[in-house]
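S.K.:
Residue numbers (full-length UniProt numbering): 1 to 469.
1. In chain order, what are the residue ranges of uninterrupted beta strand (DSSP E) at least 3 long that sit wholly in the region 182 to 219?
2. Are the CB atoms of residue 147 and residue 470 within a distance shorter than 9 Å?
3. Spatial neighbours of residue 51 within its chain, please: CB distance less than 6 Å, with the 5 preceding and 5 following residues excluded, ordered by chain position.
4. Quick check on DSSP: helix, strand or coil for residue 447?
5. On the premise that residue 114 lies in contact with residue 252, defined as a C-beta separation below 8 Å, what is that separation, rounded to the nearest angstrom?
6. How would you call residue 383, buried or exposed, if buried means at least 16 neighbouring beta carbons within 10 angstroms?
7. At what residues does the alpha helix (DSSP H) containing residue 346 begin and finish?
8. Could you pull the DSSP bridge partners for residue 532 from this structure?
9. Would you tell me roughly how many angstroms separate the C-alpha atoms of residue 82 and residue 174, rounded to the nearest one?
10. To the nearest angstrom, how far is the alpha carbon of residue 108 from that of residue 340?
11. What is the DSSP secondary structure of residue 402, counted as helix, strand or coil?
12. Between the region 353 to 366 and the region 432 to 443, can you find at least three pairs of beta-carbon atoms closer than 8 Å?
13. How big is the Cα-Cα spacing for residue 291 and residue 431?
14. For residue 105, does the three-state DSSP call read helix, strand or coil?
15. Which stretch, first to last residue, makes up the alpha helix (DSSP H) that contains residue 227?
16. Work out the CA separation of residue 436 and residue 72 for me, nearest whole Å.
17. In whole angstroms, give me the CA-to-CA distance for residue 353 and residue 373.
18. Taking a contact to mean a Cβ-Cβ separation below 9 Å, would you say residue 460 touches residue 400 in this structure?
19. In whole angstroms, what is the alpha-carbon distance linking residue 96 and residue 58?
20. Considering only the beta carbon of each residue, do residue 403 and residue 386 sit closer than 9 Å?
21. What do you get for residue 390, buried or exposed, if any count of 16 or more other CB atoms within 10 angstroms of its CB means buried?
22. Indicate the three-state DSSP secondary structure (helix, strand or coil) for residue 325 in the structure shown.
23. So, with DSSP's three-state summary, where would you put residue 23?
24. Per DSSP, which residues does residue 53 bridge with? Please list them.
25. Hey, would you say residue 358 sits closer than 9 Å to residue 345, going by beta carbons?
26. Let me make sure I understand the geometry here. Which of 421, 237 and 80 has the alpha-carbon closest to that of residue 413?
27. With DSSP as the reference, label residue 283 as helix, strand or coil.
28. Please tell me whether residue 154 and residue 243 are closer than 9 Å, where the distance is taken between their beta carbons.
29. Along the chain, where does the beta strand (DSSP E) containing residue 421 start, and where does it finish?
30. Does the beta-carbon distance from residue 160 to residue 10 come in below 9 Å?
31. What's the gap between the Cα of residue 45 and the Cα of residue 191?
32. Report the residue from 468, 271, 39 and 245 whose alpha carbon sits nearest the alpha carbon of residue 198.
33. Are at least three pairs of beta-carbons, each pair with one atom in the region 454 to 469 and one in the region 299 to 319, less than 8 Å apart?
34. If we count the other Cβ atoms within 10 Å of its Cβ and call it buried at 16 or more, is residue 89 buried or exposed?
35. At least one CB of chain D closer than 9 Å to the CB of residue 338: is that the case?
36. Can you tell me which of the three DSSP states residue 469 falls into?
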């Protein structure tokens, strides 16, 4: 595994596919392991050979890292700064304009801090071609073949050169092949190979980004021993699942396939209070709101949507593996616990904080605390309790009062003056997944104490983190 600093100037990511092919003349376990190890050694030699090529994705750049870092085009030298390599990345629109224009525009790309490369291997070799020679050998043997999904990341500073990056990438590639070999041999069953799967995890500062190789197809429940070892290695607490697959780092230049916005609050400007501090949701959640998923819940589904946002948080932090529940699944859960009659399923009836607590426990096994507030004006005095929740639990809070429900994602609170602002995610939004509209129009934004109905009562559902690895 490779530990790198995620807050540096340029992140280099190399992806590619290497073919692992082994002919086994015997099913003896030790002999098979030796053959597989030899093939991995061949692949490591391939990475270190002059035929290894790193090709810039979406750009006309090829680098031969083992040929004195030779590159094409010639303007790129071993001493070219890493951040300058970004200027050669082209978008689809820029390809028709030309390289010069692409150089000028690429720095505006929000993902410009990531340089994506493809791992390639030259097939042709220098020198005269020789006539092929065919040998026919008849024997019984096993042929194993699998594709290794190489995925390495290194980070560079402002002063690092392309040569520096290539040296680290080659080291990371070699190391990853070693880790893949260990996983392949450990999880091999007779003549069946499990594909080793590299995943990246962003750990708390200052540890940065860590790459771990897991066997594909083996569920997280069977990898607890490996995760415990990783927690010990990186001195992490045993009550949070840092290394579950759901916690794998999502690179900024990769869109989410489900279409939901993640963490829209991170683009907001934080309020400034005298001696104030920020206490925010920890981790990643999806924004769920009215009219999504082809469900017309306008006017009655706000608490359902807030609950879905909370469920997405537990899913994306690796605490649960089930998908975010639908409205009908939420209603059925309330019927199953005896809270509602069977006719409730398929209805357009509201739910509140108590029901949200019951569903979280029934579907996810998550316990929650309930905070009762007799009138909205009292919320201004709950700064300490809310700050402590986000500091210790870090989960989104569902708040219901009257006929409205919202999600609280954090507070800005001054212990000395008592001033408070609430970071609100509003499930009543009915538009498209447009981050600018959502933040500019306040559907996700900071609100003052006047946001709450000062005379209405409110119940807050504060989900608690499970204490698991």
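We treat Cβ as the ideally placed atom computed from N, Cα and C, and that holds for glycine.
As the structure is a prediction and not an experimental result, all values here were calculated from the model.
M.R.: So, to answer that:
1. 196 to 203 and 208 to 215
2. Absent from the model: residue 470. The displayed extent of the chain is 1 to 469, so no value can be given.
3. As a working mapping, residue 51 is identified with position 51 in the chain shown. Here the set comprises 121 and 122.
4. The residue given as residue 447 occupies position 447 in the chain shown. Strand.
5. On the chain shown, residue 252 is found 252 positions in, with the first residue counted as 1. On the chain shown, residue 114 is found 114 positions in, with the first residue counted as 1. Right, the Cβ-Cβ distance comes to about 7 Å (below 8 Å), so this counts as a contact.
6. In the chain shown, residue 383 corresponds to position 383, counting from 1. That one is buried.
7. Residue numbering aside, residue 346 sits at position 346 when the chain shown is read from its first letter. Unbroken run through residue 346: none, as it is neither H nor E.
8. Past the boundaries of the shown model lies residue 532; the chain is included only from 1 to 469, so the question cannot be answered.
9. As a working note, residue 82 is residue 82 in the chain shown. As a working note, residue 174 is residue 174 in the chain shown. Each residue's alpha carbon lies about 21 Å from the other.
10. Counting from one through the chain shown, the residue named residue 108 turns up at place 108. Counting from one through the chain shown, the residue named residue 340 turns up at place 340. Confidence at residue 108 is low in this model, with a pLDDT of 33, below 50, so its placement is unreliable and the value that follows should be read with caution. Taking the straight line joining both Cα atoms gives about 53 Å.
11. Against the chain shown, residue 402 aligns to sequence position 402. Residue 402: coil per DSSP, three-state reduction.
12. no
13. On the chain shown, residue 291 is found 291 positions in, with the first residue counted as 1. On the chain shown, residue 431 is found 431 positions in, with the first residue counted as 1. Roughly 8 Å between the two C-alpha positions.
14. For the purposes of this step, residue 105 is identified with residue 105 of the chain shown, where counting begins at 1. Because residue 105 carries a pLDDT of 34, less than 50, the predicted location of this residue cannot be relied on, and the following value inherits that uncertainty. Note: residue 105 maps to helix in three-state DSSP.
15. By one-based count along the chain shown, residue 227 stands at place 227. 224 to 233 is the span of the alpha helix (DSSP H), which, as asked, contains residue 227.
16. Numbered from its first residue, the chain shown carries residue 72 at position 72. Numbered from its first residue, the chain shown carries residue 436 at position 436. Taking the straight line joining both Cα atoms gives about 39 Å.
17. Here residue 353 is taken as the residue at index 353 of the chain shown, counted from 1. Here residue 373 is taken as the residue at index 373 of the chain shown, counted from 1. One C-alpha to the other measures close to 12 Å.
18. The residue labelled residue 460 in the question sits at position 460 within the chain shown. The residue labelled residue 400 in the question sits at position 400 within the chain shown. Result yes, Cβ atoms of residue 460 and residue 400 sit closer than 9 Å.
19. Translated into the one-based positions of the chain shown, residue 96 becomes position 96. Translated into the one-based positions of the chain shown, residue 58 becomes position 58. Confidence at residue 96 is low in this model, with a pLDDT of 38, below 50, so the placement of that residue should be treated as unreliable; the coordinate-derived value is given next. Each residue's alpha carbon lies about 13 Å from the other.
20. Here residue 403 refers to the residue found at position 403 when the chain shown is read from its first residue. Here residue 386 refers to the residue found at position 386 when the chain shown is read from its first residue. Not a contact, by the Cβ cut-off of 9 Å.
21. Within the chain shown, the letter at position 390 stands for residue 390. By the 10 Å Cβ count, residue 390 comes out buried.
22. Here residue 325 refers to the residue found at position 325 of the chain shown. Coil, per DSSP.
23. Looking up residue 23 in the chain shown gives position 23. The answer is strand: DSSP assigns residue 23 an E or B state.
24. Numbered from its first residue, the chain shown carries residue 53 at position 53. In the DSSP output, where bridge partners are listed per residue, residue 53 has 120.
25. Within the chain shown, the letter at position 358 stands for residue 358. Within the chain shown, the letter at position 345 stands for residue 345. For residue 358 and residue 345, no; Cβs fall outside 9 Å.
26. Within the chain shown, numbered from 1, the residue matching residue 413 stands at position 413. The shortest Cα separation from residue 413 among 421, 237 and 80 belongs to 421.
27. Indexing the chain shown from 1 puts residue 283 at position 283. Looking at residue 283 - three-state DSSP - the assignment turns out to be coil, as it is neither helix nor strand.
28. Walking along the chain shown from the start, residue 154 turns up at place 154. Walking along the chain shown from the start, residue 243 turns up at place 243. Contact flag unset, no.
29. Start at 1 with the first residue of the chain shown, and residue 421 comes out as number 421. Looking at the DSSP string, the run of the beta strand (DSSP E) that includes residue 421 is 420 to 425.
30. Working through the chain shown from its first residue, we reach residue 160 at position 160. Working through the chain shown from its first residue, we reach residue 10 at position 10. It is a contact, given that the beta carbons lie within the stated cut-off.
31. By 1-based counting over the chain shown, the position of residue 45 is 45. By 1-based counting over the chain shown, the position of residue 191 is 191. About 25 Å.
32. Residue numbering aside, residue 198 sits at position 198 when the chain shown is read from its first letter. Selected option, being the one with the closest Cα: 245.
33. yes
34. If you number the chain shown from 1, residue 89 lands on position 89. When all chains shown are included, residue 89 counts as buried.
35. Among the chains in the structure shown there is no chain D, since it carries only a single protein chain.
36. Here residue 469 corresponds to residue number 469 of the chain shown, with the count starting at 1. Residue 469: coil per DSSP, three-state reduction.
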